[in-house]
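Visitor: There's a structure below that I have some questions on.
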Amino acid sequence: MGQRKNVKLGDIAQALNVSIVTVSNALKGKKGVGEELRSEIMKKAQELGYQMPERVIQKEYESYQIGVVIAERYVKEFPSFYMDIYKRVAQEATKKGCLTVLEVVSEEKERILQNFSIFSGIPLRGGIIIGEMNPEYVKKMKSESKYPIVCVDYYGISNDMDYIVTDSYRGMQLVTQILVDAGHKEIGFVGTPSATNSIMDRYMGYCKVLQKNHLKEHPEWVIYDRRGDGYGYHLDFELPQNLPTAFACNCDKTAAILIDKLAQRGLKVPEDISVVGFDNGGFKKNEAIQITTYESDQRAMAQISINTLLKRIQGKEGPQGVRFVEGTIIPGNTVKIIE
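In my numbering, the protein residues as written are -13 to 325.
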């Protein structure tokens, strides 16, 4: 349909029976608008030929539909770290005048136990994978899609894709060093290294700090918190009888579970055991306990991912491999200084 220069926000609002404010917020990528409704508004705006102001859409980019894939296991929890990233990705895409289409992939589909199909009938120009997935599924998606793909918070060994990830290795070094600087010499790690690349990187960061500070790693204090096959996301674990003075946890949700389990033994954090986490994922036990953690910069990851994908769609440069995004230490009150 040809563009109509006089199309206004009110025309879109009237066509969908919503308020002008809702239309404005959806087109600007603001909060308060569901993704399904946002998609409808974007489609209707394109159908009517609405031209977004330059402050909303940067005109060096065309309007593309972008497919986003997330494994089902990552969206079952609340709050969901990866759904938060998706919302930011969708907002950044909207600012560029693009539309995101989300597909949540079940374990059966991810294992490719049925005929492979993805975004059937939807004309996409690019794809984004959020979170680690079965490498065979990623490989299949890459070969079937014929469009550029950017992976967020996951990286593999393929040279023909871009990977935008938080700096798990260095981030875990920073929070573990906080424990060492506080005087702790007996430090455990909670997380399953074989579950994801991110957890493996965090475990290796923890190991490096122990080695640099001439501290011994005790295998009994490396506690697995989930299945190691990459598909399990239910977190649970048992604590050993003898405990260290501190734990570094691969994520804040695990840290919160750990704090609960310590409380069941009558142990307080940080008076008896110190705890640090990762991601700043919103798992706060109460106002009295604020986990010392490393916050992933979700906004930067989303911006870089969308900008990178749009460059690849337009043929600007080839894939650049892995790009690490630095985060920030978030001080809490879960670390005790010991003499």
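We put the CB at the ideal spot given by N, CA and C, even for glycine.
1) Quick one: is Lys81 buried, meaning 16 or more other Cβ sit within 10 Å of its Cβ, or exposed?
2) Please check the pair Tyr280 and Leu160, which I expect to be a contact at CB under 8 Å, by giving their CB distance rounded to whole angstroms.
3) Going by CA-CA distance only, name the one from Gln100, Ala12, Thr320 and Tyr123 that's closest to Asp258.
4) Compute the beta-carbon to beta-carbon distance between Ile116 and Tyr192, rounded to the nearest angstrom, for a pair I have assumed lies under 8 Å.
5) Counting Cβ pairs, one atom from each stretch, are 3 or more of them under 8 Å apart for the segment 249 to 257 and the segment 211 to 224?
6) Note the first and the last residue of the continuous alpha helix (DSSP H) segment covering Tyr189.
7) Put Ile115 into one of helix, strand or coil per three-state DSSP.
8) Going by DSSP in three states, Asp265 sits in which element: helix, strand or coil?
9) Please give me, in chain order, every unbroken run of the beta strand (DSSP E) with length at least 3 that falls completely inside the segment 251 to 322.
10) Which value, in whole angstroms, describes the spacing of the CA atoms of Leu295 and Pro134?
11) Considering only DSSP beta bridges, list what Phe233 is partnered with.
12) What residue from Leu165, Asn293 and Leu225 has the CA that sits closest to Lys302's CA?
13) Taking C-alpha atoms, which residue in Val61, Ile56, Ile108 and Asp70 lies nearest to Glu96?
14) According to DSSP, simplified to helix, strand and coil, what is Glu326?
15) DSSP three-state label for Tyr149, please.
16) Which class does Gln51 belong to by DSSP, given the choice of helix, strand or coil?
17) Work out the CA separation of Ala12 and Val19 for me, nearest whole Å.
18) Quick one: is Thr86 buried, meaning 16 or more other Cβ sit within 10 Å of its Cβ, or exposed?
19) List the endpoints of the continuous beta strand (DSSP E) containing Ile135.
20) For Val334, write down the residues that DSSP places opposite it in a beta bridge.
21) For my contact list, Ser131 and Gly113 are in at a C-beta cut-off of 8 Å; report their separation, rounded to the angstrom.
22) Does the Cβ of Pro121 have 16 or more other Cβ atoms within 10 Å, making it buried, or fewer, making it exposed?
23) If contact is defined by three or more beta carbon pairs under 8 Å, each pair taking one atom from either stretch, is the segment 297 to 315 in contact with the segment 186 to 204?
24) With 16 other CB atoms within 10 Å as the buried threshold, where does Phe233 fall?
25) Just how far apart, CA to CA, sit Gln37 and Val7?
26) I believe Val311 touches Ile150 by the beta-carbon criterion, under 8 Å. Please report the beta-carbon distance rounded to the nearest angstrom.
27) With a threshold of 9 Å between beta-carbons, can Val166 be considered close to chain D, or not?
28) Looking at C-alpha atoms only, which residue of Phe264, Tyr155 and Tyr219 is the closest neighbour of Cys237?
29) Once DSSP output is grouped into helix, strand and coil, what is the label at Gln0?
30) Find out if the Cβ-Cβ distance for the pair Tyr155, Lys202 is shorter than 9 Å.
31) What distance in whole Å lies between the Cβ atoms of Glu78 and Gln284, which are believed to be in contact at a cut-off of 8 Å?
32) Taking Tyr123 as part of the alpha helix (DSSP H), name the residues at either end of that continuous run.
33) Mapping the DSSP letters down to three states, classify Val208 as helix, strand or coil.
34) Quick one, which of Gln51, Arg298, Val176 and Glu325 has its alpha-carbon nearest Val262's?
35) In three-state terms, what does DSSP make of Ala12?
Guide: According to the data block:
1) buried
2) 6 Å
3) Thr320
4) About 25 Å separates the two Cβ atoms, so there is no contact after all.
5) no
6) Asn183 to Lys198
7) strand
8) strand
9) 260 to 262, 279 to 281, 307 to 311 and 314 to 316
10) 7 Å
11) According to DSSP, Phe233 bridges with Gly174 and Val261.
12) Asn293
13) Measuring from the Cα of Glu96, the nearest candidate turns out to be Ile56.
14) This structure gives no information on residue 326, because the portion of the chain shown stretches from -13 to 325.
15) Strand at Tyr149.
16) Shown here, Gln51 sits in a strand according to DSSP, grouped into three states.
17) Whole-angstrom Cα-Cα distance: 6 Å.
18) buried
19) Ile135 to Val138
20) There is simply no residue 334 to check, as the chain begins at -13 and stops at 325 in what is shown.
21) 6 Å
22) Classification for Pro121: exposed.
23) no
24) buried
25) 17 Å
26) 6 Å
27) No chain D is part of this structure, which consists of one protein chain only.
28) Phe264
29) helix
30) Here Tyr155 is not near Lys202, since their CB atoms are 9 Å or more apart.
31) Going by Cβ atoms, the distance from Gln284 to Glu78 rounds to 11 Å, so no, they are not a contact pair.
32) Pro121 to Ser131
33) strand
34) When only C-alpha atoms are compared, the closest one is Val176.
35) helix
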